[in-house]
Amino acid sequence: MSVPTFSYTYINPIIPGFYPDPSICRVDSDYYIVNSTFQYFPGLPVWHSRDLINWEQIGNAIDRESQMDLSGANGWGGLYAPTIRYNDGIFYIINTNVSHGQNFFITATDPKGPWSDPIWLKQGGIDPSFYFEDGKCYFVSNPDAGIWLCEIDPVTGEQLTESKLLWRGTGGRHPEGPHIYKKDGWYYLLISEGGTEHAHMITIARSKDIYGPYESNPDNPILTHCNFLGQSSPIQGTGHADIVQAPDGSWWLVCLAFRPQSGMNHLTGRETYLAPVSWDEGQWPIVNDNGTIQPVMEVKLPVSGDIPPQRTWDVSYDFTKDQNLGFEWVYLRKKISENYTLSEKGLVLKGNQWDLNSIQYPTFVARRQQHINFETTSSMVLEAKEPGDKGGMTVFMDGGFHYDLYLEKTTDGYEIKLEYWLGSIHHVQPVVATSQNHVDFKITGSTYPYNFYYSLDGGKTYQHMGVAETRFLSSETAGGFTGIMLGLFATGKGKPEAIFKSFTYTGNDRY
């Protein structure tokens, strides 16, 4: 039965903010995406959609500390690029923990979870992927700067064949992110090259035998913005892709890319983008006609019925009433449960001895900055015992690179502070003294500066606290593979309680 198509205009990215390395699979009319998360817990968000445009997070595949050790992970470590696949009633996610244990896979019969404990694999490298055919499970990854394949037991993880080199790519650095597809009698090997910065690109090869030899597409790369066509685009760093076929036979590609701001710098992280693929019988795939993608895409979607308007990502929490945090909230490396409580008082964060620069487990819970232009607010009461106890909001890229707006207890009252942590550079803005322990915070973001505000009258009026440049928190400056997180935190020797009554986030990006 044919599936009707509908003309539709959508905005890229389809999942904005730090949601990189997307992998996609389809089961009947349902699509699922999973992303990498590095040092954040819970990890590997799982998304669902029926129209490829509107995505809802339905869980996190790594949601139990017993599943995964993220200790010591920073923005370069932890959980790298996952792949999600479905075979014979079972969902598989294969992934790499570069900080502990290397490649593993987990399984579930429902993508919402629960997902199994990890089964560890022998073949090294990163960005692993599965391909299933005729009762066999093939595993590809990129040890030794190439794409290698072996067969494994999908129950035990036992490696059944020796690893074989398939392809080293077209000569770009860091050949990685391999996926295998079969079409028209050909095995297609899709990979990323060039590194996950401005030179990122997608290349493809094919063979009649899954073990090769693989011939390179003469028109590689099939997707890149590191060329004349893409050089002026507001989207850069396109790469790390996965392809899925819709029920009507059309093909679609998800990939990561980023949106530079303040020159060549990007802060919202590598995000998830969508593009149509033309893939005629026996031919090479062509991405969006010319190998680039646009912020505003006009396509024909393979869905039936009405397509809802593309979702916004605005949120508003009243923590005195909302007794569950959404799946999008994450912690650094693990959640020390007794330090986070939701009650009629609000979201209570109990501080410990670790601050936001620590590689340990500071009291910190955050969600992603998803727009270049945004506003976020929170209302907080600080119950503190000792001078130096503090609680507030942070614009956080990684330990050592963050801007903190907070209330701190002194010997005879409180002070509102704006603190800058930029590697070896540390600065505190002139403080505002107050006798009250209740303050409302507001942070706004734009292309060049962040602006910070506070209110002592319940959010009726805000006073400007200071300005900080966005570029100093960018991935190009701070390093790592993550993006800006907007966090709530508490810290101090007196184990203060920062009680957050509310949190709002509103984005306003327009291309």
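Here this note's numbering is used: position 165 in the sequence shown is 160, and no number is missing along the way. Backbone N, C-alpha and C define an ideal beta-carbon position, used for all residues, glycine too.
- Per the Cβ contact rule, the stretch 450 to 460 is not in contact with the stretch 469 to 482 (fewer than 3 Cβ pairs under 8 Å).
- For A140, there is no enclosing beta strand (DSSP E), as DSSP marks it with neither H nor E.
- Per DSSP, the beta bridge partners of C20 are Y27.
- Residue pairing from DSSP places W247 in a beta bridge opposite V239 and P271.
- DSSP, read as helix, strand or coil, puts L224 in coil.
- As a beta-bridge residue in DSSP terms, D393 pairs with F396.
- In this structure, the straight-line span from the alpha carbon of T267 to that of N7 is close to 8 Å.
- In the three-state scheme derived from DSSP, where H, G and I count as helix and E and B as strand, S158 is classed as coil.
- Residue range S470 to A473 is occupied by the alpha helix (DSSP H) that includes E471.
- Secondary structure of R466 (DSSP, three-state): helix.
- Apart from sequence neighbours up to five positions away, the residues of its chain that approach T102 with a beta-carbon distance below 6 Å are I85, Y87 and S111, ordered along the chain.
- DSSP, reduced to helix, strand and coil, places S353 outside both helices and strands of the structure shown, so it counts as coil.
- Taking a cut-off of 8 Å on C-beta distances, the stretch 173 to 193 touches the stretch 233 to 252, as three or more cross pairs fall below it.
- Counting only runs of 4 or more residues that sit fully inside the stretch 22 to 101, no alpha helix (DSSP H) segment turns up.
- Beyond the five residues adjoining it in sequence on each side, N82 comes within less than 7 Å, by CB distance, of F127 in the same chain, given in chain order.
- Distance check between N432 and each of D384, T405, R466 and L377 places L377 closest, using alpha-carbon atoms only.
- Checking the DSSP bridge columns, you'll see S202 partnered with Y182.
- Membership of A485 in the beta strand (DSSP E) is indicated by the continuous run M480 to T486.
- Just measuring C-alpha positions, the residue of G54, F447, D148 and Q97 sitting nearest F36 is G54.
- E381 carries a coil assignment under DSSP once its states are collapsed to helix, strand and coil.
- In this structure E171 does not touch S158 by the C-beta definition: roughly 16 Å separates them, more than the 8 Å allowed.
- Note that the stretch 88 to 95 touches the stretch 59 to 72; at least 3 beta-carbon pairs, one per stretch, sit closer than 8 Å.
- The alpha carbon of I79 has as its nearest neighbour, out of E492, D129, Q34 and F134, the alpha carbon of F134.
- Where H422 is concerned, the enclosing beta strand (DSSP E) starts and stops at I420 to V423.
- In the DSSP assignment, H261 falls outside any beta strand (DSSP E) and carries neither an H nor an E.
- E128 carries a strand assignment under DSSP once its states are collapsed to helix, strand and coil.
- Assignment of S111 by DSSP, reduced to helix, strand and coil, places it in the coil class.
- Buried is the label assigned to W247, since at least 16 other Cβ atoms lie within 10 Å of its Cβ.
- Judged by beta-carbon spacing, K488 lies within the 8 Å limit of G383, meaning their Cβ atoms are closer than that value.
- Between E51 and P213, the alpha-carbon positions lie close to 38 Å from each other.
- Burial check for W162: the Cβ neighbour count within 10 Å reaches 16 or more, so the residue is buried.
- In the DSSP assignment, E153 falls outside any beta strand (DSSP E) and carries neither an H nor an E.
- Cβ-Cβ separation between Y443 and E471: approximately 15 Å, too far for a contact (criterion under 8 Å).
- Apart from the 5 residues on each side of it in sequence, G70 sits with its Cβ closer than 8 Å to the Cβ of F33, Q34, M392, D393, A473, G474, G475, F476 and T477 in its chain, given in chain order.
- Segment contact: the stretch 326 to 342 against the stretch 396 to 411, fewer than three CB-CB distances shorter than 8 Å; contact not assigned.
- Ranked by Cα distance from F100, the options K107, G108, P109 and P123 are led by P123.
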